[in-house]
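Novice: Residues in the sequence shown are numbered consecutively from 1, following UniProt numbering. Glycine is no exception: its CB is placed at the ideal position from the N, C-alpha and C atoms.
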Amino acid sequence: MNNTTNVMIVGVGGQGSLLASKLLGHVMLKKGVDVKVSEVHGMSQRGGSVVTYVRFGDKVYSPIIDKGEADYIISFETLEAARYMANLKPGGQVIVNNQQMDPMPVITGAATYPEGLIDKMKDAGAKVDAIDALGIAMEAGSAKAANVVLMGRFSTYFTDVTEAEWLEALEECVPPKFIELNKKAFDLGRKA
1 MNNTTNVMIV
11 GVGGQGSLLA
21 SKLLGHVMLK
31 KGVDVKVSEV
41 HGMSQRGGSV
51 VTYVRFGDKV
61 YSPIIDKGEA
71 DYIISFETLE
81 AARYMANLKP
91 GGQVIVNNQQ
101 MDPMPVITGA
111 ATYPEGLIDK
121 MKDAGAKVDA
131 IDALGIAMEA
141 GSAKAANVVL
151 MGRFSTYFTD
161 VTEAEWLEAL
171 EECVPPKFIE
181 LNKKAFDLGR
191 KA
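(1) Can you look up Ser155 in the DSSP assignment and give me helix, strand or coil?
(2) Start and end of the beta strand (DSSP E) containing Gly11?
(3) In whole angstroms, give me the CA-to-CA distance for Val27 and Gly109.
(4) Identify whether Tyr113 lies in helix, strand or coil by the three-state DSSP scheme.
(5) May I ask whether a heavy atom of the ligand MN can be found less than 7 Å away from the beta carbon of Lys59?
(6) What does DSSP give as the partner residue(s) for Leu88 in the beta ladder?
(7) Could you give the DSSP three-state label for Phe56: helix, strand or coil?
(8) State the CB to CB distance for the pair Leu150 and Asn97, rounded to an integer number of angstroms; the pair is presumed to be in contact (CB under 8 Å).
(9) Quick check on Tyr72: buried or exposed, where buried means 16 or more other Cβ atoms within 10 Å of its Cβ?
(10) Ignore the nearest five residues each way along the sequence and tell me which others in Ile179's own chain have a CB closer than 8 Å to its CB.
(11) Is the CB-CB distance between Lys89 and Gly68 below 8 Å?
(12) Excluding sequence positions up to five away, which residues of its chain have a Cβ less than 7 Å from the Cβ of Ile65?
(13) What residue from Ala126, Asp34 and Gly189 has the CA that sits closest to Asp58's CA?
(14) Short of 8 Å in beta carbon distance, which residues of its chain neighbour Pro105, apart from the five on each side in sequence? Order them along the chain.
(15) Between the C-alpha atoms of Pro176 and Ala185, what's the straight-line distance to the nearest angstrom?
(16) Since Ile74 contacts Ala20 with CB under 8 Å, what's their CB separation in whole angstroms?
(17) Are Gln93 and Lys127 touching if we call contact CB-CB under 8 Å?
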């Protein structure tokens, strides 16, 4: 890997973005590349926006991804993907859970959830891979595995990292009692 790859993992507090970034960082460290991870918490414990930057390559000097620099945005919720579109580089890839979680202004009635966000992202020039990660996670056995479903889907974009390497990293990042569930979620995400 000669260039730095920039990945933003975005979602709402409690969706597992920190595990997803840990998994990605772990697998890339095992590949022998330089990895920098930076977590930006909003009101994460109150269901607010959570952003994690993961950068990897031969030499990475900063963990921060500026506007127009993200090669990938992995989003656990549709509105969060749309919120960070300015960070995506031209021709960048978005992997998004098509789930919609109402933010506080929608819950209180002060705003409505925007319509057609996936189409709007595509119209803006992004390559969008939208999947029902929540439904797939339920099929695997737990709604909480939607993050691993998305990482399984994301893994298909990296042909130089084998499925076995991803699963090894998963075993090292997930508590043993949840490993089989998460392996199933990862596999279903890869096949989505």
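Specialist: Here's the rundown:
(1) Here residue 155 refers to the residue found at position 155 when the sequence shown is read from its first residue. In the displayed model, Ser155 falls within a helix according to three-state DSSP.
(2) Translated into the one-based positions of the sequence shown, residue 11 becomes position 11. Counting along the chain, the beta strand (DSSP E) containing Gly11 begins and ends at Thr5 to Val12.
(3) Position 27 of the sequence shown, counted from the start, is the residue given in the question as residue 27. Position 109 of the sequence shown, counted from the start, is the residue given in the question as residue 109. Near 42 Å, if we compare the C-alpha coordinates of Gly109 and Val27.
(4) By 1-based counting over the sequence shown, the position of residue 113 is 113. Look at Tyr113 here: in three-state DSSP terms it is coil, with no helix or strand label.
(5) The model depicted lacks the ligand MN and carries no ligand whatsoever.
(6) In the sequence shown, residue 88 corresponds to position 88, counting from 1. Beta-bridge pairing links Leu88 to Ala70.
(7) As a working mapping, residue 56 is identified with position 56 in the sequence shown. Phe56: strand per DSSP, three-state reduction.
(8) Translated into the one-based positions of the sequence shown, residue 150 becomes position 150. Translated into the one-based positions of the sequence shown, residue 97 becomes position 97. The pair is a contact, with the Cβ atoms about 6 Å apart (cut-off 8 Å).
(9) Position 72 of the sequence shown, counting from 1, holds the residue named residue 72. So Tyr72 ends up on the buried side.
(10) For the purposes of this step, residue 179 is taken as the residue at position 179 of the sequence shown. The residues are Leu170 and Glu171.
(11) As a first step, residue 89 must be located in the sequence shown, where it is residue number 89. As a first step, residue 68 must be located in the sequence shown, where it is residue number 68. Cβ atoms of Lys89 and Gly68: closer than 8 Å.
(12) Sequence index remark: in the sequence shown, residue 65 carries index 65 (1-based). Closer than 7 Å at the Cβ level, and outside the excluded window around Ile65, lie Asn6, Met8, Tyr53, Arg55 and Asn87.
(13) Position 58 of the sequence shown, counting from 1, holds the residue named residue 58. Asp58 has its Cα closest to that of Asp34, out of Ala126, Asp34 and Gly189.
(14) By 1-based counting over the sequence shown, the position of residue 105 is 105. Result list for Pro105: Ala111, in chain order.
(15) To locate residue 176, count along the sequence shown from 1; it is residue 176. To locate residue 185, count along the sequence shown from 1; it is residue 185. Cα to Cα, Pro176 sits roughly 15 Å from Ala185.
(16) Taking the first residue of the sequence shown as position 1, residue 74 is located at position 74. Taking the first residue of the sequence shown as position 1, residue 20 is located at position 20. Contact holds; Cβ gap of about 7 Å.
(17) Locating residue 93 in the sequence shown gives position 93, counting from the first residue. Locating residue 127 in the sequence shown gives position 127, counting from the first residue. Yes, the pair counts as a contact, with Cβ atoms nearer than the cut-off.
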